[in-house]
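Numbering (this note's numbering), first residue to last: 345 to 851.
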């Protein structure tokens, strides 16, 4: 196109004048477009070409050194190419879109290593580090990158909303760093709750541009922390009450700090909004909720301490039922927590261009936090495990490369974008992959819990059967003693007729 560039049209009348500036962009492929297209094709060829030998080796359960090198190439090479392609796409996409998509591509190998069927081939320390830290590190790096992408917008928004965004970014980075540290010491529950608290901070960060949303959504710092605290209390009751793990002072201290953060965070946010934005909140509601949180937590710790002292009198059958009830309640509360977060985001950012991308991000973050709660499963259905891994290693990179190449070709032909936000496509399929792994983890937990509950009920039945046997033996012994006493009396009568007469005389 020869007439590309910037053109100005001026109009003058007798008493008025005006002008308009029109920018005509070039239609066709530029140098950056060609590079992006080449990288997408390279990604597609690498993913498809390497998946065939990898699929054959996984099917035959081959874990030789050469096979692991091919696995490593499949995990790294296509994702590095896609990361470079998304970075070059920055000339056409907007900042948060490019940062999110490129970050996901470069850190996806963490999840692929964690979900690898032959993870046990790694050295012991590296294997444990991957099991404990892969998901928290993935979540934290992605969230930090999203926060970093907002600094340019913070600069543009001025002081009114800039202070709020800066506070939320700093708070989120601190929380996510704490989650990684806790995960490195195998504090799964504490790390997962840190991630959920960070998700709440991210939600406030995404809502920063809508003053009306802040003005009418005082329930956000009240409802979400309450649900998060409820999840943590149920998990504490399950782990240290029904499961019987030792409740150490370090655990109590860490959990209490998190309760204080959850309880006072909402009130602090409300006070900050009042002073920074000069808007009105019903501050007494989150303040009252904070007091209730602290009272409930203190009561739970006191009850657990007393229960553990008198635990010998508790029936194992009730412990199994309580453990199972907690295992049912926790997923329900987590689903409610995530659903409310999406509801608030869609309600207060309905007409915003980033709404769909932010909703996909929040959904992914909540699923990652839920994954952190569960242990890495040791035994899984091999075929399902293999399919989840292959979808993450091959399917995601193929979908991303095809989506970006298609959008690039349509943009070059029409001069305008067809898909407003590529994050919707990239994150949606990432959610499917993470959800598949979460399903496998839940399957592993269910199999372990089922065996534990089955063992508890079998012990209970054996105890009851043993009691019946002992009772039956005692009854038989008692009856034999009575029978033996009667026979002795009859024997004495036969030997001593005189004694019979005496007994009869007494009667």
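For glycine and all other residues, C-beta sits at the position ideal for the given N, C-alpha and C.
Given the structure is predicted, the values throughout are model-derived calculations rather than measurements.
Give a yes or no on whether the C-beta atoms belonging to residue 733 and residue 461 are separated by under 8 Å.
Along the chain shown, one-based indexing puts residue 733 at 389. Along the chain shown, one-based indexing puts residue 461 at 117. Against a cut-off of 8 Å, the Cβ pair of residue 461 and residue 733 comes out as a contact.
Among all the DSSP beta bridges, which residues are the ones paired with residue 361?
Taking the chain shown and counting its residues from 1, the one referred to as residue 361 is at position 17. In the DSSP output, where bridge partners are listed per residue, residue 361 has 356.
Quick one: Cα of residue 346 to Cα of residue 374, how far?
The sequence position of residue 346 within the chain shown is 2, counting from 1. The sequence position of residue 374 within the chain shown is 30, counting from 1. Its pLDDT being 46, under 50, residue 346 is placed unreliably in this model, and the coordinates cannot settle the point.
Using the beta-carbon count (16 or more within 10 Å), is residue 444 buried or exposed?
Numbered from its first residue, the chain shown carries residue 444 at position 100. Buried, since its Cβ has 16 or more Cβ neighbours within 10 Å.
Per the contact definition of three or more C-beta pairs closer than 8 Å, is the region 699 to 712 in contact with the region 738 to 751?
no
Counting C-beta neighbours from all protein chains within 10 Å, is the total for residue 657 16 or more, i.e. buried, or is it exposed?
As a working mapping, residue 657 is identified with position 313 in the chain shown. Residue confidence for residue 657 is low, a pLDDT of 49 falling below 50, so the modelled location carries little weight; the figure read from the coordinates is stated next. Classification for residue 657: exposed.
Assuming residue 606 and residue 573 form a contact by the criterion Cβ under 8 Å, report the distance between their Cβ atoms to the nearest whole angstrom.
By one-based count along the chain shown, residue 606 stands at place 262. By one-based count along the chain shown, residue 573 stands at place 229. With 8 Å as the limit, residue 606 and residue 573 qualify as a contact, their Cβ atoms being about 5 Å apart.
By how many angstroms is the C-alpha of residue 356 removed from the C-alpha of residue 682?
Position 338 of the chain shown holds residue 682. Position 12 of the chain shown holds residue 356. Cα to Cα, residue 682 sits roughly 57 Å from residue 356.
For residue 401 and residue 392, what's the separation of their Cα atoms in angstroms?
Stepping through the chain shown from its first residue, residue 401 is reached at position 57. Stepping through the chain shown from its first residue, residue 392 is reached at position 48. C-alpha separation (whole angstroms): 15 Å.
Locate the alpha helix (DSSP H) running through residue 569, then write down its first and last residues.
For the purposes of this step, residue 569 is identified with residue 225 of the chain shown, where counting begins at 1. Residues 564 to 580.
Report yes or no: do the region 711 to 725 and the region 428 to 447 share at least 3 C-beta pairs separated by less than 8 Å?
no
With three or more beta-carbon pairs closer than 8 Å as the criterion, would you say the region 380 to 395 touches the region 423 to 430?
The region 380 to 395 vs the region 423 to 430: in contact.
Spatial neighbours of residue 713 within its chain, please: CB distance less than 6 Å, with the 5 preceding and 5 following residues excluded, ordered by chain position.
The residue labelled residue 713 in the question sits at position 369 within the chain shown. Excluding residues within five positions, the ones whose Cβ falls inside 6 Å are 536, 539 and 540.
Any idea if residue 790 is buried or exposed, counting beta-carbon neighbours within 10 angstroms, 16 or more meaning buried?
The residue labelled residue 790 in the question sits at position 446 within the chain shown. Answer is exposed; the Cβ neighbour count stays below 16.
Could you say which of 476, 514, 475 and 466 lies nearest to residue 489 if we only look at CA atoms?
Position 145 of the chain shown, counted from the first residue, corresponds to residue 489. Here the closest residue by C-alpha is 514.
Who are the Cβ neighbours of residue 517 in its own chain at under 6 Å, not counting the five residues just before and after it?
Position 173 of the chain shown, counted from the first residue, corresponds to residue 517. Result list for residue 517: 488, in chain order.
Would you call residue 548 buried or exposed, if buried means 16 or more other Cβ atoms sit within 10 Å of its Cβ?
The sequence position of residue 548 within the chain shown is 204, counting from 1. Label assigned to residue 548: buried.
Does DSSP classify residue 723 as helix, strand or coil?
Counting from 1 along the chain shown, the entry for residue 723 is found at position 379. Residue state, collapsed to three classes: coil.
Kindly provide the ranges of any beta strand (DSSP E) runs that are 3 or more residues long and lie completely inside the region 393 to 475, ordered along the chain.
none
Between the region 673 to 680 and the region 577 to 592, can you find at least three pairs of beta-carbon atoms closer than 8 Å?
yes
Is it a yes or a no for the region 462 to 469 touching the region 776 to 791, going by three-plus beta-carbon pairs under 8 Å?
Output reads no: the region 776 to 791 does not touch the region 462 to 469.
For residue 711, which residues in the same chain have their Cβ closer than 7 Å to its Cβ, ignoring the five residues on either side in sequence?
On the chain shown, residue 711 is found 367 positions in, with the first residue counted as 1. The residues 775, 778, 779 and 782, in chain order, have a CB closer than 7 Å to that of residue 711 in the same chain once the five nearest residues on each side in sequence are set aside.
When the Cα atoms are used, what is the spatial distance from residue 471 to residue 458?
Stepping through the chain shown from its first residue, residue 471 is reached at position 127. Stepping through the chain shown from its first residue, residue 458 is reached at position 114. So the two alpha carbons sit approximately 9 Å from each other.
Rounded to whole angstroms, what's the CA-CA distance from residue 418 to residue 533? Just pull it up for me.
Stepping through the chain shown from its first residue, residue 418 is reached at position 74. Stepping through the chain shown from its first residue, residue 533 is reached at position 189. So the two alpha carbons sit approximately 32 Å from each other.
I'd like to check one pair, residue 519 with residue 492: are the Cβ atoms closer than 8 Å?
Against the chain shown, residue 492 aligns to sequence position 148. Against the chain shown, residue 519 aligns to sequence position 175. No, these two residues do not count as a Cβ contact at 8 Å.
Does DSSP put residue 663 in a helix, a strand or coil?
For the purposes of this step, residue 663 is identified with residue 319 of the chain shown, where counting begins at 1. Correct three-state label for residue 663: helix.
Please confirm if the region 761 to 773 is in contact with the region 406 to 416, defined as three or more CB-CB distances below 8 Å between the two stretches.
Touching, no, given that fewer than three Cβ pairs across the two stretches are closer than 8 Å.
For residue 523 and residue 764, I'd like the C-alpha separation in whole angstroms.
Translated into positions along the chain shown, residue 523 becomes position 179. Translated into positions along the chain shown, residue 764 becomes position 420. Distance between the alpha carbons of residue 523 and residue 764: 33 Å.
Just confirm the distance between the C-beta atoms of residue 602 and residue 577, as a whole number of angstroms; I'd bet it's less than 8 Å.
To locate residue 602, count along the chain shown from 1; it is residue 258. To locate residue 577, count along the chain shown from 1; it is residue 233. Their Cβ separation, rounded to whole angstroms, is 11 Å, which puts residue 602 and residue 577 out of contact at 8 Å.
Checking 8 Å against the spacing of the C-beta atoms, do residue 728 and residue 689 come in under that value?
The residue you call residue 728 lines up with position 384 of the chain shown. The residue you call residue 689 lines up with position 345 of the chain shown. Not closer than 8 Å, so no.
Going by the CB atoms, is the gap between residue 684 and residue 707 shorter than 8 Å?
Here the question's residue 707 lines up with position 363 in the chain shown. Here the question's residue 684 lines up with position 340 in the chain shown. Not a contact, by the Cβ cut-off of 8 Å.
Mapping DSSP to helix, strand and coil, what is residue 755?
Indexing the chain shown from 1 puts residue 755 at position 411. In the three-state reduction of the DSSP assignment, residue 755 falls in the helix class, which pools H, G and I.
When burial is assigned at 16 or more other CB atoms within 10 Å of the CB, is residue 531 buried or exposed?
For this step, residue 531 is matched to residue 187 along the chain shown. Residue 531 is buried by the Cβ-count criterion.
Leaving out five residues before and five after residue 446 in sequence, what residues of the same chain have Cβ atoms less than 7 Å from its Cβ?
Position 102 of the chain shown, counted from the first residue, corresponds to residue 446. Hits under 7 Å: 427, 430 and 431.
Would you report the Cα separation of residue 477 and residue 645, rounded to the nearest angstrom?
As a first step, residue 477 is located in the chain shown; it is residue number 133 there, counting from the start. As a first step, residue 645 is located in the chain shown; it is residue number 301 there, counting from the start. Approximately 28 Å between the Cα atoms of the pair.
Give me the residue from 398, 730 and 455 with the minimum Cα distance to residue 859.
Outside the shown range of the chain, which is 345 to 851, sits residue 859, and nothing can be said about it.
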